[in-house]
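Undergrad: Each protein sequence line maps, in turn, to chains L and R. For the first sequence, position 225 (counting from the first letter as 1) is numbered 225 according to the numbering used here, and the numbering increases by one without interruption. For the second sequence, position 40 (counting from the first letter as 1) is numbered 303 according to the numbering used here, and the numbering increases by one without interruption. C-beta atoms are modelled at their ideal positions from N, C-alpha and C, and glycine is treated no differently. Remember, predicted model here, so these are calculated numbers, not experimental data.
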Amino acid sequence: MENEKKDKHGPEAADILLEHVNFSYNGEPVLEDVNLSIGRGEFIGIIGPNGGGKTTLLRLILGLLTPDSGTIRVFGRPPASVSNRIGYVPQHILFDQRFPATVFDIVQMGQIGRSGFGRISDQQRQVTEEALAAVGLPEFRNKSFSDLSGGQRQRVLIARALASDPELLLFDEPTANVDSSSGEQLYQILAQLNKRMTILVVSHDIGFVNHHISSVVCVNHQVVIHPTSTLDGRNIIDLYGHDMSLIRHDHRCSEEGHACSSS
Amino acid sequence: MFEFINDLMRFPFLQLALIAALLASIACGIVGTYVTVRRITYIAGAIAHCTLGGMGAAKYLQTEMGLSFITPLMGAVFAALTAALIISYLQARSDMRQDTILSAVWSIGMAVGILFISKTSGYNEDLMSYLFGDILMVTPPDLLLIGLLDLILMVATFLFHRQLAAIAFDEEFSRLAGIPVDLYNTLFLCTVALTVVLLVQLVGIILVVALLALPAATAGRLTNRLPTMILMTTLLCALSTLGGLSLSYAPDLPAGATIILTAATIYVVTDILLKIRHKMKQ
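1) Within 10 Å of its beta-carbon, does R:F274 have 16 or more other beta-carbons around it, so buried, or fewer, so exposed?
2) Which ranges does the alpha helix (DSSP H) cover as unbroken runs of at least 4 residues, wholly within the region 338-397 of chain R, from first to last along the chain?
3) Pull the bridge partners of L:Y25 from the DSSP assignment, please.
4) Between R:A520, R:I522, R:T497, which lies nearest to R:I289 when the distance is taken from Cα to Cα?
5) Here's the rule I'm using: 16 or more other beta-carbon atoms within 10 Å means buried, otherwise exposed. How should R:R360 be labelled?
6) Starting from L:T102, find everything on chain R with Cβ-Cβ shorter than 7 Å and list it in chain order.
7) Assign R:I268 to one of three DSSP states: helix, strand, or coil.
8) Which of the three DSSP states, helix, strand or coil, is assigned to L:L239?
9) Please classify L:D117: does DSSP put it in a helix, a strand, or coil?
10) Can you pull the chain L residues whose beta carbon is under 7 Å from the beta carbon of R:M492, in chain order?
11) With a threshold of 16 other CB atoms inside 10 Å of the CB of R:P478, please say whether the residue is buried or exposed.
12) Run through chain L and tell me which residues come within less than 7 Å of R:V300, C-beta to C-beta.
13) Does the beta carbon of L:Y88 come closer than 8 Å to any beta carbon on chain R?
14) Would a check of beta-carbon distances place R:A428 closer than 8 Å to chain L?
15) Is the Cβ-Cβ distance between R:L536 and R:A456 less than 8 Å?
16) Between the C-alpha atoms of L:Q154 and L:V201, what's the straight-line distance to the nearest angstrom?
17) State whether the region 526-540 of chain R contacts the region 138-156 of chain L, with contact taken as three or more CB pairs (one from each stretch) at a distance under 8 Å.
18) For chain R, is any of its Cβ atoms less than 8 Å away from the one on L:L62?
19) Closer than 8 Å by C-beta to R:I350: which residues in its own chain qualify, once you throw out the five before and the five after it? Chain order, please.
20) Rounded to a whole number of angstroms, what is the C-alpha to C-alpha distance between L:L170 and R:M492?
21) Would you call the CB atoms of L:R59 and L:L65 closer than 8 Å?
22) Alpha helix (DSSP H) containing L:V74: first to last residue?
23) Are the C-beta of L:D15 and some C-beta of chain R separated by less than 8 Å?
24) In angstroms with no decimal places, state the Cα-to-Cα distance between L:G110 and R:A480.
25) For L:D266, would you say it is in contact with chain R, using Cβ-to-Cβ distances shorter than 8 Å as the test?
26) For L:N35, list the residues DSSP reports as bridge partners.
27) Taking the straight line between their C-alpha atoms, what separation do you get for L:L239 and L:P49?
28) For R:D312, count neighbouring Cβ atoms within 10 angstroms of its own Cβ and tell me buried if that reaches 16, exposed if not.
29) Sorry if obvious, but does the Cβ on R:F421 come closer than 7 Å to a heavy atom of the ligand ADP?
30) Mind listing the chain R neighbours of L:G118? Cutoff is C-beta to C-beta under 9 Å, in chain order.
31) Using alpha carbons as the reference points, say which of L:P67, L:Y25, L:D105, L:G113 lies closest to L:V82.
32) L:L18 by DSSP, collapsed to three states: which one?
33) Any C-beta of chain L within less than 8 Å: which residues of the region 277-311 of chain R qualify?
34) What's the gap between the Cα of R:L510 and the Cα of R:T521?
35) Could you check where the beta strand (DSSP E) with L:L170 kicks off and where it finishes?
36) Using a Cβ cut-off of 8 Å (strictly closer), state whether L:D122 contacts chain R.
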């Protein structure tokens, strides 16, 4: 039933499809009439001011929230039914820094939905090691999560998501960002992963995202998507007239002047 | 201490107390660790205080109403499980603040207990043993129950330790991965409730939280792995209960109190030693 519905609504290739989605929190509208289609293999940056609905959009796609009205389809199905095919990377600052676990322990948690009970199997050990290698942290496997830097913790959480063998990676980048060199390293890892999966990054730092993304989604109560071609770095600098890292989100996504889309 | 070891050979009640202390350490090691890393020792506290309601009501029914088949232990189990289910339900389904839920459950349970106990003859000694426990009063059936609980806990931990760790670290991620998180949490709280009931018999309502929190806190300073932490907590718990028991014996002190103070001393000494080692490294 759900599958038939999907075919009428959008391209087969769309991993994520939102149609006329409205969501309000305590009577306060957060997202209004959101229409969005994200194809397979895209690398999307989600930007927008704080309180504009970025996290809400992410949680709707994950199926953790249900819209007041409208349809959301992920892989053509209701999000909650496919959440095990989505690799979710939450902000690392939300975690208990003192939790007693090694990097390996945390990465293998990614397979928790598929694993049986009792001890970890050899095959699961293998998957965990591969996920650690993909984020460049194999030598950290026996380190405490608490002994890592912010950037390393982020990579551990990405590896945990990878261990679940996702087709779609949703990455909520922390507001308190890591230093720029490890940030760049992080996006190189994501760009590598993008060869085999669709990636959405909720970004609070447009400068980094811009090097690798195929499209930017601006979220400020309404949602506008900007295709790749209009968004190479030079265009953005031309459009804004100054360096991107200085650009404020509220300017970029204000309701009246939407500079990106007007280009 | 020598008197304790001497009398240990002679008095079966001391041997029972010793075995009880060792058996309880296993439950304490497992549940104490999870409760500590999940930062919910106060849920254990609320459940512990609720058992007073159950024990008081059971004692009242037993002695005043002539329902001789009802024991305070049954009352405690009933009250603890009820408290666990109420807390679990309210946390998942209501928008009440967690500390409000716990404070309410905590004090209502005690109020019910005090009402029943005040209407039951033998008010004082009962109340004292509920509040502070009496490890020297354990009976062979008590040991059997503690052993049974240990067995259940060990099997459950072996089977589900990865799920439990994943949920403790990141509930939302586990939910997305398809783990029935609410079911696990409810069953986990019921396990906490049963453990609390048995520990209440040994160290009493007031001291249960300390026995769940202190050995696990010490172990948490010494290891960064959950399975190791469980083993260490078990050992530290055994050390605390045996140490406290033997220290209390000759001067005739309440064992519950000396057990807790032993556990606290171990924590403080460990902390100081770790700080010294840290300083020397610099």
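TA: Once the coordinates are examined:
1) Within the second sequence, residue 274 of chain R is the residue found at index 11, counting from 1. With fewer than 16 Cβ atoms within 10 Å of its Cβ, R:F274 is classed as exposed.
2) The qualifying runs are 361-381, 386-395.
3) In the first sequence, counting from the first residue as 1, residue 25 of chain L sits at position 25. Answer is L:E28.
4) The residue given as residue 289 of chain R occupies position 26 in the second sequence. Proximity to R:I289 across R:A520, R:I522, R:T497 peaks at R:T497, based on C-alpha coordinates.
5) Position 97 of the second sequence, counted from the start, is the residue given in the question as residue 360 of chain R. It counts as exposed.
6) The count along the first sequence starts at 1 and reaches residue 102 of chain L at position 102. The contacting residues are N487, R488.
7) Numbered from 1 along the second sequence, position 5 holds the residue referred to as residue 268 of chain R. R:I268 falls in the helix class under three-state DSSP.
8) For the purposes of this step, residue 239 of chain L is taken as residue 239 along the first sequence, with counting starting at 1. Confidence at L:L239 is low in this model, with a pLDDT of 42, below 50, so its placement is unreliable and no value can be given for it.
9) Counting from one through the first sequence, the residue named residue 117 of chain L turns up at place 117. It should be noted that the sequence gives Phe, not Asp, for residue 117 of chain L. In this structure, L:F117 counts as coil in the three-state DSSP scheme.
10) In the second sequence, residue 492 of chain R corresponds to position 229, counting from 1. Going along chain L in sequence order, the residues near R:M492 (Cβ under 7 Å) are P100.
11) Within the second sequence, the letter at position 215 stands for residue 478 of chain R. Only buried fits R:P478, as 16 or more other CB atoms lie within 10 angstroms of its CB.
12) Start at 1 with the first residue of the second sequence, and residue 300 of chain R comes out as number 37. The contacting residues are F99, P100.
13) For the purposes of this step, residue 88 of chain L is identified with residue 88 of the first sequence, where counting begins at 1. It does; some Cβ of chain R falls within 8 Å.
14) Position 165 of the second sequence holds residue 428 of chain R. Contacts with chain L at 8 Å (Cβ-Cβ) include R:A428.
15) What you label residue 536 of chain R is simply residue 273 of the second sequence in a count that begins at 1. What you label residue 456 of chain R is simply residue 193 of the second sequence in a count that begins at 1. The answer is no: Cβ separation not under 8 Å.
16) Within the first sequence, residue 154 of chain L is the residue found at index 154, counting from 1. Within the first sequence, residue 201 of chain L is the residue found at index 201, counting from 1. Computed Cα separation, rounded: 13 Å.
17) Two segments are said to touch when three or more pairs of C-beta atoms, one from each, lie closer than 8 Å; by this definition the region 526-540 of chain R does not touch the region 138-156 of chain L.
18) Counted from its first residue, the first sequence places residue 62 of chain L at position 62. For L:L62, the answer is yes, since a Cβ of chain R falls inside 8 Å of its Cβ.
19) Translated into positions along the second sequence, residue 350 of chain R becomes position 87. Cβ neighbours of R:I350 beyond the five flanking positions: I306, A309, I310, I364, L365, V368, L452.
20) To locate residue 170 of chain L, count along the first sequence from 1; it is residue 170. To locate residue 492 of chain R, count along the second sequence from 1; it is residue 229. Each residue's Cα considered, the two are about 33 Å apart.
21) Position 59 of the first sequence, counted from the first residue, corresponds to residue 59 of chain L. Position 65 of the first sequence, counted from the first residue, corresponds to residue 65 of chain L. Yes, they are a contact pair.
22) For the purposes of this step, residue 74 of chain L is taken as the residue at position 74 of the first sequence. Segment 69-74 is the beta strand (DSSP E) holding L:V74; no alpha helix (DSSP H) there.
23) Along the first sequence, read from residue 1 onward, the residue named residue 15 of chain L stands at position 15. No, its Cβ sits nowhere closer than 8 Å to a Cβ of chain R.
24) Counting from 1 along the first sequence, the entry for residue 110 of chain L is found at position 110. Counting from 1 along the second sequence, the entry for residue 480 of chain R is found at position 217. Each residue's Cα considered, the two are about 27 Å apart.
25) Because chain L in this structure spans residues 1 to 263, residue 266 of chain L falls outside the shown range and cannot be described.
26) One-based indexing of the first sequence puts residue 35 of chain L at position 35. In the DSSP assignment, L:N35 is bridged to no other residue.
27) Sequence index remark: in the first sequence, residue 239 of chain L carries index 239 (1-based). Sequence index remark: in the first sequence, residue 49 of chain L carries index 49 (1-based). Below a pLDDT of 50, predicted positions are generally treated as unreliable, and L:L239, at 42, falls in that range; the measurement from the model is reported next regardless. If I take the Cα positions, the gap works out to 19 Å.
28) The count along the second sequence starts at 1 and reaches residue 312 of chain R at position 49. In the sequence on display, residue 312 of chain R carries His and not Asp. Buried, because 16 or more other Cβ atoms sit within 10 Å of the Cβ of R:H312.
29) Ligands are entirely absent from the displayed structure, and the ligand ADP is therefore not among its contents.
30) To locate residue 118 of chain L, count along the first sequence from 1; it is residue 118. Going along chain R in sequence order, the residues near L:G118 (Cβ under 9 Å) are F421, L422, F423, H424, R425.
31) As a position in the first sequence, residue 82 of chain L is number 82, starting the count at 1. The candidate whose alpha carbon is nearest that of L:V82 is L:G113.
32) Counting from one through the first sequence, the residue named residue 18 of chain L turns up at place 18. For L:L18, the secondary structure class from DSSP, reduced to helix, strand or coil, is strand.
33) Listed by position along the chain: V300, R302.
34) For this step, residue 510 of chain R is matched to residue 247 along the second sequence. For this step, residue 521 of chain R is matched to residue 258 along the second sequence. Rounded to the nearest angstrom, the gap between the Cα atoms of R:L510 and R:T521 is 7 Å.
35) Taking the first sequence and counting its residues from 1, one reaches residue 170 of chain L at position 170. Residues 168-172.
36) Translated into positions along the first sequence, residue 122 of chain L becomes position 122. No, its Cβ sits nowhere closer than 8 Å to a Cβ of chain R.
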